[in-house]
Amino acid sequence: MEVKLIAFGIAKDIMKGTTTGFFIDTPASILDLKNALTNKYPEFNKLQSLKFAINEDYQNDDYLLHEGDEVVIIPPVSGG
Amino acid sequence: MEVKLIAFGIAKDIMKGTTTGFFIDTPASILDLKNALTNKYPEFNKLQSLKFAINEDYQNDDYLLHEGDEVVIIPPVSGG
Amino acid sequence: MIDIQLSEHPLAEKACYDAVSDPSAGGMVVFVGTVRNQTKGKKVVRLEFESFVPMAKKEMLKIAEYVSHQWDTLHVSIHHRVGSLEVGEVPVIIAVSAPHRKAAFEACQYAIDTLKETVPIWKKEIFEDGEVWVAAHP
Amino acid sequence: MIDIQLSEHPLAEKACYDAVSDPSAGGMVVFVGTVRNQTKGKKVVRLEFESFVPMAKKEMLKIAEYVSHQWDTLHVSIHHRVGSLEVGEVPVIIAVSAPHRKAAFEACQYAIDTLKETVPIWKKEIFEDGEVWVAAHP
Chain A
4 MEVKLIAFGI AKDIMKGTTT GFFIDTPASI LDLKNALTNK YPEFNKLQSL KFAINEDYQN
64 DDYLLHEGDE VVIIPPVSGG
Chain B
4 MEVKLIAFGI AKDIMKGTTT GFFIDTPASI LDLKNALTNK YPEFNKLQSL KFAINEDYQN
64 DDYLLHEGDE VVIIPPVSGG
Chain C
50 MIDIQLSEHP LAEKACYDAV SDPSAGGMVV FVGTVRNQTK GKKVVRLEFE SFVPMAKKEM
110 LKIAEYVSHQ WDTLHVSIHH RVGSLEVGEV PVIIAVSAPH RKAAFEACQY AIDTLKETVP
170 IWKKEIFEDG EVWVAAHP
Chain D
50 MIDIQLSEHP LAEKACYDAV SDPSAGGMVV FVGTVRNQTK GKKVVRLEFE SFVPMAKKEM
110 LKIAEYVSHQ WDTLHVSIHH RVGSLEVGEV PVIIAVSAPH RKAAFEACQY AIDTLKETVP
170 IWKKEIFEDG EVWVAAHP
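So the sequence lines, in the order shown, correspond to chains A, B, C and D.
When we follow my numbering, the leftmost residue of the first sequence carries the number 4, and every step to the right adds one.
When we follow my numbering, the leftmost residue of the second sequence carries the number 4, and every step to the right adds one.
When we follow my numbering, the leftmost residue of the third sequence carries the number 50, and every step to the right adds one.
When we follow my numbering, the leftmost residue of the fourth sequence carries the number 50, and every step to the right adds one.
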């Protein structure tokens, strides 16, 4: 299936873009996505943390992705 | 000897005045003054605390008074 | 009352005060973040803040709601700026009013600590010779 | 820098901010006291603050100096009002800036806690049917 990845901060630099389609075998959890992503972009392994949000909420590793999901990649935040 | 007492807050109400001369046997410490004062004005015994300042600094119970000292009576403070 | 703002325009301390003022408040505690002129001795030229706006607002709201339930507070105001900020400018203001000051201090400190952990806002420090996403790497 | 004021005129939050602003500050914490509209359910009409002025300034200065030595702070501003205050008015503002926010929170909280214990200022609450010196009795 294909999900849509939306990148912010350093994730945008690593992926060289803000949004991208990403193919992954079904079924796939957030953890599977994280593994596939760090496989493709090893730079993600160097980050302090890597989280994912769907529907404007953080999602746990075991969250199952659906075709067409918009997944926001959340590298370490630094507001304030 | 005579010292000058200066009262603020509720101490002013208890002593019915801002300043007053006060006679006390020599030698007299702050503690002696406190005892003489609460003897004359029993209302002071009901306060949460009773402190004394000379030269704009709090003084301990064992501070020895001198003729003419200006002693500021500090009832419980409530700034802020 | 809860007041959340994510703005591209300069923040105003007074707006946060006014949002949390209350005749039954014994006090309010305000945290004002400022852009520092250096990081580990290196001169900062400016900071650029970007945000995943709808989620950032939602997470800021979560913090304010949690704080309101966890402490005896009256009002919570959280304003965050995005865009390009010069040294000395204010990226964040958090104001909390409460009947008693202890709750206001604890709630305000919790709010800024949590904001820095959960709200999807990222800042890039611009130096004279480069730039870096803050806190991205261990 | 230390900035101490004891004033008969309304206090200005901005004056305290400006006094502690610093390009090397990571943040500032401000405590703003306000006159509450009630005490133990009884409606407060207004408050009257009196002070032993020279000693009050000296004790405020002691607090600011202690805070500056005890925590890694940049600037401390303590403004206190005297005279007659209506509900909602501001008797005290304490602002502390520091390179890191934890020190600013701790220093500001210590300063207001200590001010309420040591500075010779007394407030009288005026009710509709009487008045009382606050905290005088156990």
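Even glycine gets a Cβ: it sits at the ideal position worked out from N, Cα and C.
Residue i: contacting residues in chain C (beta-carbon distance under 7 Å)
i	result
A/Q51	A184, A185, H186 and P187
A/I33	Chain C residues near A/I33: none, gap ~16 Å exceeds 7 Å.
A/V74	Under the 7 Å cutoff, chain C gives no residues; its nearest Cβ is about 12 Å from A/V74.
D/Q158	F154
Residues that residue i bridges to, as DSSP identifies them
i	result
B/L8	B/T23 and B/V74
A/Y61	A/A56
C/S146	C/M77 and C/H124
C/I112	In the DSSP output, where bridge partners are listed per residue, C/I112 has none listed.
C/H129	C/L55 and C/V141
C/T88	C/K91
B/S81	DSSP, once it has assigned bridges, lists no residue as partnering B/S81.
C/E97	C/S133 and C/K173
D/S70	The partner list for D/S70 (beta bridge, DSSP) is empty, contrary to what the question assumes.
B/S32	B/L67
C/E166	Bridge partners of C/E166: none, in fact.
D/E180	D/I175
Proximity to residue i [Cα-Cα], best of the options
i	options	result
C/D67	C/S126, C/G82, C/T83 and C/H149	C/S126
D/S73	C/P72, C/G75 and C/V93	C/V93
C/L71	C/D162, C/T122 and C/V136	First, the amino acid is wrong: residue 71 of chain C is Asp here, not Leu. Looking at the Cα atoms, C/T122 is the closest of the given residues.
C/I161	C/S56, C/E62 and C/V81	C/V81
D/D178	D/V136, D/L60, D/E62 and D/K91	D/K91
D/T167	B/E59, B/K15 and B/T41	B/E59
D/I175	D/A147, D/T163 and D/T88	D/T88
B/M18	B/N42, B/T29 and B/D28	B/N42
C/W120	C/M109, C/E155, C/V69 and C/I170	C/E155
B/V80	B/L53, B/D72, B/V74 and B/F26	B/L53
A/V74	A/G20, A/F25 and A/D16	A/F25
B/E46	B/I9, B/D16, B/L8 and B/Y61	B/D16
C/A147	D/V181, D/T83 and D/L60	D/T83
C/G137	D/P59, D/L55 and D/G75	D/G75
C/S117	C/Y159, C/P140, C/A61 and C/E135	C/Y159
C/K111	C/A152, C/P169 and C/V181	C/P169
D/K63	D/E114, D/H149 and D/V139	D/V139
D/M50	D/H149, D/C157, D/A152 and D/E114	D/E114
B/L67	B/L40, B/Y44, B/A39 and B/L34	B/L34
D/P59	D/R85, D/M109 and D/E135	D/E135
D/M109	D/W182, D/E180, D/L55 and D/V181	D/L55
Where residue i meets chain B, residues with beta-carbon distance less than 8 Å
i	result
D/V141	G82 and G83
Whole-angstrom C-beta distance between residue j and residue i, which should lie under 8 Å
i	j	result
D/F101	D/K172	13 Å between Cβ atoms; not a contact.
B/G82	D/K165	6 Å
D/A47	B/Q62	The question about residue 47 of chain D has no answer, for chain D in this structure spans 50 to 187.
D/H186	B/K49	6 Å
A/A39	A/I27	5 Å
Cut-off 7 Å between Cβ atoms - residues of its own chain near residue i, not counting five sequence neighbours on either side
i	result
D/S133	R95 and E97
B/G12	P78
B/A14	I76 and P78
B/P30	L67
D/A152	W120, D121 and T122
Contacts of residue i in chain D (Cβ-Cβ under 8 Å)
i	result
C/S126	Chain D residues near C/S126: none, gap ~13 Å exceeds 8 Å.
C/R85	P72, S73, A74, G75 and P148
B/A39	By Cβ distance, chain D contributes nothing, its closest Cβ being about 21 Å from B/A39, past 8 Å.
Contact set for residue i: own chain, Cβ-Cβ below 8 Å, skip 5 residues either direction
i	result
C/C65	D52, V79, S126, H128, I142, I143 and A144
C/E57	R130, V131 and G132
B/K7	T22, T23, G24, F25, G71, D72, E73 and V74
B/Y44	I17 and M18
C/R150	G75, G76 and V78
C/V181	K173 and E174
Chain-ordered chain C contacts of residue i [CB-CB under 8 Å]
i	result
D/Y66	E62 and V81
A/I13	W171, W182 and A185
D/F176	Chain C residues near D/F176: none, gap ~15 Å exceeds 8 Å.
D/V145	Here the premise fails: no neighbours, minimum Cβ distance about 11 Å.
Beta-carbon neighbours of residue i, restricted to chain D and to distances below 7 Å
i	result
B/E59	P103, M104 and K107
B/I27	Within chain D, no residue comes near B/I27; the closest Cβ sits about 22 Å away, beyond 7 Å.
Chain-ordered chain A contacts of residue i [CB-CB under 9 Å]
i	result
C/E138	Those do not exist, as C/E138 stays about 13 Å from chain A at its closest Cβ, beyond 9 Å.
C/E99	F11, G12 and K15
Within chain A, the residues that residue i reaches when beta carbons sit closer than 8 Å
i	result
C/K165	V80, S81, G82 and G83
Residues near residue i by beta carbon distance below 6 Å, same chain, minus five either side
i	result
D/P103	none
D/V69	M77, H124, S126, A144 and S146
A/D65	S32
A/M4	T29 and E70
Near the ligand ZN: residue i beta-carbon under 6 Å from a heavy atom
i	result
D/E99	Within the structure as shown, the ligand ZN is missing, as the structure has no ligands at all.
Under 7 Å by beta carbon: chain G residues contacting residue i
i	result
D/H129	Annotation note: the requested chain G is absent from the structure, which comprises protein chains A, B, C and D.
Contacts that residue i makes with chain A (C-beta to C-beta distance below 7 Å)
i	result
C/V168	V80 and G82
Contacts that residue i makes with chain B (C-beta to C-beta distance below 7 Å)
i	result
D/I161	G83
Chain D contact residues for residue i, given Cβ-Cβ distances below 9 Å
i	result
C/V78	V78, V79, F80, V81, F154, C157 and Q158
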